[in-house]
Structure formats: structure tokens, C-alpha cells
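So the sequences go chain by chain: X and Y.
Numbering-wise (full-length UniProt numbering), the first sequence opens with residue 1 and increments by one.
Numbering-wise (full-length UniProt numbering), the second sequence opens with residue 1 and increments by one.
Note sheet for the following structure.
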Amino acid sequence: MAALTEQIALTGAASGSPARKTPGGIGDQLFRLAAYASAILVLLFLAGILASIAYGGWPAFREFGFGFLTSSAWNIGQEQYGAFVAIMGTLASAALALVIGVPISLGIAVYLTQLCPGWARKPVAMTIELLASVPSIIYGMWGLFIFAPLFARFVQVPVSNVVEGLPIVGTLLYARVPSGVGVLTAGIILAIMIVPFVASITRDMLDQIPTVLRESAYGIGCTTWEVVRHVLVPQASVSIIGAIMLGLGRALGETMAVTFVIGNANRLSASIFDPGSTIASRIANEFNEADGMQLHALMALGCILFIVTFIVLIIARLLVRRVKVA
Amino acid sequence: MDARNPMPATIEREAAPVTGSRVRPGRRVADRVLVVSSTLATALGIVVLGSILLMLIVEGVKGFSPALFTEPTPGPGSEGGGIANAILGSLILTSIGIVIATPIGVMAGTYLAEYGRNSKLADLIRFLNDILLSAPSILIGLFVYTLMVRTMGSYSGWAGGVALAIIATPVIVRTTEDMLRLVPGPLREAGAALGAPPSVVIKSITWRAASAGIVTGIILALARIAGETAPLLFTALNNNSWFSPNLMGGIPNLPVMIYQFALSPYPNWQQLAWAGALLITITILALSIVARFVIKSERAR
Chain X
1 MAALTEQIAL TGAASGSPAR KTPGGIGDQL FRLAAYASAI LVLLFLAGIL
51 ASIAYGGWPA FREFGFGFLT SSAWNIGQEQ YGAFVAIMGT LASAALALVI
101 GVPISLGIAV YLTQLCPGWA RKPVAMTIEL LASVPSIIYG MWGLFIFAPL
151 FARFVQVPVS NVVEGLPIVG TLLYARVPSG VGVLTAGIIL AIMIVPFVAS
201 ITRDMLDQIP TVLRESAYGI GCTTWEVVRH VLVPQASVSI IGAIMLGLGR
251 ALGETMAVTF VIGNANRLSA SIFDPGSTIA SRIANEFNEA DGMQLHALMA
301 LGCILFIVTF IVLIIARLLV RRVKVA
Chain Y
1 MDARNPMPAT IEREAAPVTG SRVRPGRRVA DRVLVVSSTL ATALGIVVLG
51 SILLMLIVEG VKGFSPALFT EPTPGPGSEG GGIANAILGS LILTSIGIVI
101 ATPIGVMAGT YLAEYGRNSK LADLIRFLND ILLSAPSILI GLFVYTLMVR
151 TMGSYSGWAG GVALAIIATP VIVRTTEDML RLVPGPLREA GAALGAPPSV
201 VIKSITWRAA SAGIVTGIIL ALARIAGETA PLLFTALNNN SWFSPNLMGG
251 IPNLPVMIYQ FALSPYPNWQ QLAWAGALLI TITILALSIV ARFVIKSERA
301 R
């Protein structure tokens, strides 16, 4: 009812009786036009990003064809470029970030909604959210100067010594040069960066679940674990997956923090302790000195990143939205 | 997954026979594990934030001196110097970004909340705006590079400002729309009943009622773009001296300065990078906290 009257109030000319004159005049029309144009501009931003990157990357796609995706060459002298190493690095670091970050995020969300004493809720939630506003370059510095030396000394060296010579684990977890930087370090830093996002969305979703469901579960003698496992998680599962996808979108496109800690090597290694590179880190590293085909190849990498991230983000938004409506 | 039945059969079976201890060991262990692990996860988050702040304070305070704010960045391998040019450059770039993004963002948010509402176009814009909100910032850098640096033939502060504006806009659109939607409909109706045209109703009633929320959105956008590095790499670049007033050529700015200096082999540069990192992080955290209090006072009213 309210919506109906508002519509009549705001679009008087369209729905009002013909006798009624619209107040306002030219200024009013201009204001409306400005609002409309601004909204369309937001669409144009997105279209412009896609168009410019596709335009810039087109020569590389034409030159290398489908092989661009599967080739692991990156030879500036011979003008041979392939995206495979960067794609694998991006996927591996993002996957590690999810494996590490998602349980932590869910833990924080459960703590904040179920376990935290009332007085501590606000400060703890705020601390976690402040983690989200720390710039990514600071995470990069922290990762490179504080985390990487500790990681090399207390994880890489002991683990490498233990697994050396073992099948599978021996290649997967062996650091040839235990410097602390590598794909796993990037994954851990990314995990820390996505935790505040996933945790705060999950917390909001858990808060939206009617209290009576939780109370009735506790009432029949459920433990906190059972309430979380059998009541809260099934209720919020779709939106939690959406939140995780949002985190994934962030992890795929994160640039500066990863550039600091991934080692920037164009080499395909089976070990997650070894340096690698991601699409974003490679663009950040090489773009300013790039010329000719290298520039096109970097744009083509950006195009691949665009497509992958946007598919992930679209799925994420659809999942998060569907629950809000229901 | 039946939402109406929150107690699956397993719980009922397990909960029924209670003999001896009140809770069966398996259940108690599972519960303890959950409590301990989620507490640990939260503690971990707090420890990481504490560790980052501690690192910045320990390393950054060493580099603080009056020269930091008065002298430009020094050449490689030299002594002394400050980051005054980078601070000024960052202020200018961020101002350009916010000055461009605020009118676009507020007007687009107004369109979504007041004019478009539930139309198909508004739904589409809302959805794509949410996606733009979390789009990788490096791609926005590539876009502005093609759009402005290529056509103008040189890196410039204008390109950097536009890149930051594109990052800030979706944040402002989102908060403006959310805040305008909280304004009760009868307020608008009262304005319209006085014969005010829609633009006047929006400008002097809805905007005014939602002003604190809209300001919060702008502060949040400011906090978001103040530390952005990736899009500036290809647009504003960096520069080790003062910049020309027409903002053409590389414009020094804090994030890119930090990136280049932190990875350099010169101790003096690294020191300046730490000082800059402390400065920028404190600014951004302060902005985020201020935004929170603005929104809180709005809710209380």
C-alpha cells in the first residue's frame, strides 16, 4: 500500500489523472535525468572494463589461439606466451586460501553468534571487521617481513626434512629453497584476507535465523555443536556457500599481497612450498615494462581473470540474494 | 534440509536415554571441540590484527621525524629525505577519486532507491554494482590504462584519480541506496502532498533524513581507496620528486611508494616505506572507526 502511494507521489505524470499537472518542470526533469545517467554509468564501467581488456588481449588470443591457455611458456625474448602457470598459481593459491580460511571464518561466526559473552561481542566483531579494512599492501609487507621468516623456520624446514624422499608428500611438501615465500604462503595470507568478509556475512546470516529454532533445539537438550550442525548450518547453508564464493572472488583477484609473498617465478612446480605466480601478480610485476606482444599477453591474462572472477561473483551474489528473499 | 524440522531424528535418539553422566562422552567431546576451535579461530584473527599493528608501530615509529612531512623522497642509496611528496600526491589522488565518485554514486543510489525501485533495469544495475564492488582492482587499473594513459600518452594523476573513483563509486551507490530505503515512505508522501516535485522531495526530505548514512558511505569509500595500490601502478605510477601542478607524468603516492621502497635493497628507503605504511594504516583504520560511529549515532536518533 505504502509502495503504491509512493509510486503515485513520485511518478505523478505517468500514473496521475490527466488533469493534474506535474509540479517541478525542467529542473525536475534534469534531476531525474542525472540520476538515470549516473546509474547507467555504473553499467558502463563494467562494460568498459570488459571491452578494454578484451580489446587489449585480442592480439594475444589471435596469435596463440587456444594454446594460450595450455602453454606454460613465458619467454619475452622469443615472444612466446602462455597462461598455464599463472592460471594454475591463481587457482592453487585461491584453493589453499579457501581450505585454510573457510573453517576459521565459520569458527569466528559461530563464536560471535553462539559463544561470545554479550559484553565482548561488539569489540570482537569490530576487531575482525577492522581486519577487512587493512590495505592489501600492508598484508603483503606483514607476510613478507614477519610471516615468511617464521614460516620458513618453523614449518618449511622441519616439514621438508620429514617428508624428503617420501612419495607424493615428498614432492608436494618439499621446499627446494626454504625462503618462506611460495604458493602456500600466498594461500595463507589470502586466507587471512578473506576471513573477515566470509565471517561477517556468515555471522549476519546466522543472526537472521529465528531464535526460536535455536531455543527449541537447546530445549530438547542439544549441545552447542548439535545446534550448529543440525539447526544453524542447514538453515544458512546456501548463503554460507555464497559467502565462501565471495571470498573466492576476492582471493582470485587479490594483487599486492600476493605479489609480495608468492615469489613471482614462472615455473610449474608440484610443491606448494615453491614460488609461483598468479595472473594478478604477473600483471602487477610486468605491465609497466611490457611492450608489444607481452602487453597483449598480459591483457589476455587480465581477460581470463575477469571472466573467471565474474562467474564466481555472479554465482556468489545469486546464492546470497536467494536466501535474503526467502 | 527441511527448514521446518530443526531436530533431525539422530538428535532425538541420542538425547533420549540418559543414564549416569548427563551428556554422552561423544557428544560432549564434539561440543568441546567446537567451542575450543571457534574460540581459537577468533583469537587467531585478533592476534593477526595485533601482530600487524605491532609490526607497523615498531618499524614505523623509528622512521618518524619532522623531515618525513617536509622533504620529498630521496634518491636510491642516499640518506635522509621524507615522503612529503607521496603524502600530498595521495591526498590529491584520493580527493579526485572521491570528488568524482560522490556525485555519481549518490545520484545512482538515488535512482535505485527512488526512481528505479523494482524495475528490471534497477535490478540489473543493483546486481552489477554488487559485482563491481568486489571486482579485482587490478582490472580497473587495466581499464583506466587503456582509457586514459594510452590516449593521453602519459601516466597522470587524473588517470589515477579516475581509477580510484571507479573503485569508490559502487561503495557509495550501495550505502546510499540502503540508507534511502530506510527513510519511511510517509515522509515522501508528506512532501509530495505539499506540492513539491519529486526532485525537491528527494533533495530536501529523503537526502536530509539519510544524510548521516550517506556520509558514512563516502567515508567508507575513502577508507577503501586510500590504500589501493594495484590500480595506481598503471595509472599514476610513482615519482621520486615533486610533481607538476597539471598532474601529468608520474604522481608520487603512498601505496606505490611503499610497494617500491619496501622491496628495495636500501635501508633508508625501507625505513620510509615502514613510516608510510604506519601512516596509511592508521588513517584508514581511523576512517573505518569514524564511519562506524557516524552510523551508530544515526541509528540512535
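Note that beta-carbon positions come from the ideal geometry of N, C-alpha and C, so glycine has one too.
Bear in mind that the values here come from a model prediction, so they are computed numbers and not experimental data.
9 Å is my cut-off, CB to CB: does V61 (chain Y) come that close to chain X?
The sequence position of residue 61 (chain Y) within the second sequence is 61, counting from 1. Closer than 9 Å: no.
Express the C-alpha separation of L213 (chain X) and V325 (chain X) in angstroms, rounding to a whole number.
Locating residue 325 (chain X) in the first sequence gives position 325, where the first residue counts as 1. Locating residue 213 (chain X) in the first sequence gives position 213, where the first residue counts as 1. For V325 (chain X), the predicted model reports a pLDDT of 43, less than 50, meaning its position is unreliable; a value from the coordinates is still stated below. Spanning the two alpha carbons is a distance of roughly 19 Å.
For I104 (chain X) versus A191 (chain X), is the C-beta spacing smaller than 9 Å?
Indexing the first sequence from 1 puts residue 104 (chain X) at position 104. Indexing the first sequence from 1 puts residue 191 (chain X) at position 191. Cβ distance < 9 Å, so I104 (chain X) and A191 (chain X) count as in contact.
Can you tell me where the alpha helix (DSSP H) holding Y139 (chain X) begins and where it ends?
Counting from one through the first sequence, the residue named residue 139 (chain X) turns up at place 139. Taken as a continuous stretch (DSSP letters only), the alpha helix (DSSP H) holding Y139 (chain X) covers 136-142.
On the DSSP letters alone, give me the boundaries of the alpha helix (DSSP H) that Q260 (chain Y) sits inside.
Counting from 1 along the second sequence, the entry for residue 260 (chain Y) is found at position 260. Where Q260 (chain Y) is concerned, the enclosing alpha helix (DSSP H) stretches over 254-262.
When we look at the beta-carbon of R208 (chain Y) and count the other beta-carbons within 10 Å, is it buried (16 or more) or exposed?
The residue given as residue 208 (chain Y) occupies position 208 in the second sequence. Result: exposed.
Within the same chain, show all residues whose beta-carbon is closer than 7 Å to that of A270 (chain X), passing over the 5 residues directly before and after it, in chain order.
Within the first sequence, residue 270 (chain X) is the residue found at index 270, counting from 1. T171, L172.
Is there at least one Cβ from chain Y nearer than 9 Å to V181 (chain X)'s Cβ?
As a first step, residue 181 (chain X) must be located in the first sequence, where it is residue number 181. No, its Cβ sits nowhere closer than 9 Å to a Cβ of chain Y.
In chain order, what residues of the region 303-319 of chain X put their CB closer than 7 Å to some CB of chain Y?
Taking 7 Å as the Cβ-Cβ cut-off against chain Y, the residues of the region 303-319 of chain X that qualify are L305, F306, T309, F310, L313, I314, R317.
For I167 (chain Y) and A262 (chain Y), what's the separation of their Cα atoms in angstroms?
For the purposes of this step, residue 167 (chain Y) is taken as the residue at position 167 of the second sequence. For the purposes of this step, residue 262 (chain Y) is taken as the residue at position 262 of the second sequence. Taking the straight line joining both Cα atoms gives about 25 Å.
Below 7 Å on C-beta distance, what does M179 (chain Y) contact in chain X?
Here residue 179 (chain Y) refers to the residue found at position 179 of the second sequence. Simply none; closest approach about 15 Å.
With DSSP as the reference, identify every bridge partner of N75 (chain X), one or two as the case may be.
Residue 75 (chain X) sits at position 75 when you count from the first residue of the first sequence. X:Q80.
I need the straight-line Cα distance from R282 (chain X) to Q29 (chain X), nearest angstrom please.
Along the first sequence, one-based indexing puts residue 282 (chain X) at 282. Along the first sequence, one-based indexing puts residue 29 (chain X) at 29. For R282 (chain X) and Q29 (chain X), the distance between alpha carbons rounds to 48 Å.
For the alpha helix (DSSP H) holding Y55 (chain X), just list the boundary residues, first then last.
By 1-based counting over the first sequence, the position of residue 55 (chain X) is 55. Y55 (chain X) -> alpha helix (DSSP H) spans 26-64.
Which one or two residues does DSSP pair with S156 (chain Y) in a beta bridge?
Numbered from its first residue, the second sequence carries residue 156 (chain Y) at position 156. According to DSSP, S156 (chain Y) bridges with Y:M248.
Would you tell me roughly how many angstroms separate the C-alpha atoms of I202 (chain Y) and A113 (chain Y), rounded to the nearest one?
Translated into the one-based positions of the second sequence, residue 202 (chain Y) becomes position 202. Translated into the one-based positions of the second sequence, residue 113 (chain Y) becomes position 113. Between I202 (chain Y) and A113 (chain Y), the C-alpha separation is close to 10 Å.
How long is the line joining the alpha carbons of M245 (chain X) and R150 (chain Y), rounded to whole angstroms?
Working through the first sequence from its first residue, we reach residue 245 (chain X) at position 245. Working through the second sequence from its first residue, we reach residue 150 (chain Y) at position 150. Taking the straight line from one Cα to the other gives about 34 Å.
Whole angstroms is fine: what's the gap from V33 (chain Y)'s alpha carbon to G221 (chain X)'s?
Counting from one through the second sequence, the residue named residue 33 (chain Y) turns up at place 33. Counting from one through the first sequence, the residue named residue 221 (chain X) turns up at place 221. Cα-Cα distance, rounded: 18 Å.
Checking contacts by CB at 9 Å: is F243 (chain Y) closer than that to chain X?
Start at 1 with the first residue of the second sequence, and residue 243 (chain Y) comes out as number 243. Answer no: the Cβ-Cβ gap between F243 (chain Y) and chain X never drops below 9 Å.
So N129 (chain Y) contacts chain X; which residues on that side make the cut at Cβ distance below 8 Å?
For this step, residue 129 (chain Y) is matched to residue 129 along the second sequence. Here the neighbours are V42.
Short of 8 Å Cβ to Cβ, which residues in the region 19-48 of chain Y face chain X?
Under the 8 Å Cβ criterion, the region 19-48 of chain Y contributes V23, R27, R28, A30, D31, V33, L34, V35, S37, S38, T39, L40, A41, T42, L44, G45, I46, V48.
Whose C-beta lies closer than 7 Å to the C-beta of F260 (chain X) among residues of the same chain, with five residues either side of it excluded?
Here residue 260 (chain X) corresponds to residue number 260 of the first sequence, with the count starting at 1. Only G140, M141, G143, L144 meet the Cβ criterion.
Which first and last residues belong to the alpha helix (DSSP H) in which G89 (chain Y) is found?
Taking the first residue of the second sequence as 1, we reach residue 89 (chain Y) at position 89. Start and end: 84-110.
Which partner residues of G276 (chain X) appear in the DSSP bridge assignment?
The residue labelled residue 276 (chain X) in the question sits at position 276 within the first sequence. According to DSSP, G276 (chain X) bridges with X:G263.
For G118 (chain X), would you say it is in contact with chain Y, using Cβ-to-Cβ distances shorter than 9 Å as the test?
The residue labelled residue 118 (chain X) in the question sits at position 118 within the first sequence. So no, G118 (chain X) is outside the interface.
Between I104 (chain Y) and L222 (chain Y), what straight-line distance do the alpha-carbon atoms span, to the nearest angstrom?
Residue 104 (chain Y) sits at position 104 when you count from the first residue of the second sequence. Residue 222 (chain Y) sits at position 222 when you count from the first residue of the second sequence. Rounded to the nearest angstrom, the two C-alpha atoms are 15 Å apart.
For V173 (chain Y), go through chain X and note every residue whose CB falls closer than 7 Å to its CB, in chain order.
Taking the first residue of the second sequence as position 1, residue 173 (chain Y) is located at position 173. Ordered by position in chain X, the residues that pass the 7 Å Cβ test against V173 (chain Y) are V42.
How many Å lie between T110 (chain Y) and I131 (chain Y) at the Cα?
If you number the second sequence from 1, residue 110 (chain Y) lands on position 110. If you number the second sequence from 1, residue 131 (chain Y) lands on position 131. Answer to the nearest angstrom: the Cα atoms are 19 Å apart.
Counting contacts by CB-CB distance shorter than 9 Å, is K120 (chain Y) in contact with chain X?
Numbered from its first residue, the second sequence carries residue 120 (chain Y) at position 120. Chain X contact via Cβ: absent.
Checking 9 Å against the spacing of the C-beta atoms, do L56 (chain Y) and T281 (chain Y) come in under that value?
Looking up residue 56 (chain Y) in the second sequence gives position 56. Looking up residue 281 (chain Y) in the second sequence gives position 281. Taking 9 Å as the Cβ cut-off, L56 (chain Y) and T281 (chain Y) qualify as a contacting pair.
When the distance is taken between beta carbons, is I201 (chain X) closer than 9 Å to A243 (chain X)?
As a position in the first sequence, residue 243 (chain X) is number 243, starting the count at 1. As a position in the first sequence, residue 201 (chain X) is number 201, starting the count at 1. It is a contact, given that the beta carbons lie within the stated cut-off.
Between W171 (chain Y) and the rest of its own chain, which residues show a CB-CB distance below 7 Å, the 5 nearest in sequence each way excluded?
Working through the second sequence from its first residue, we reach residue 171 (chain Y) at position 171. Note on residue identity: the sequence assigns Val, not Trp, to residue 171 (chain Y). Correct list, in chain order: L133, G217, L220, A221, R224.
Within 8 Å: the Cβ of D274 (chain X) and any heavy atom of the ligand NAD?
As presented, the structure is devoid of all ligands, the ligand NAD included, so that no description of it is given.
Short of 7 Å Cβ to Cβ, which residues in the region 269-284 of chain X face chain Y?
Against chain Y - using a Cβ distance shorter than 7 Å - the residues of the region 269-284 of chain X are A280, I283, A284.
If we count Cβ pairs, one from each stretch, closer than 8 Å, do we get three or more for the region 60-71 of chain X versus the region 154-167 of chain X?
The region 60-71 of chain X, when compared against the region 154-167 of chain X, does not touch it at the 8 Å Cβ threshold.
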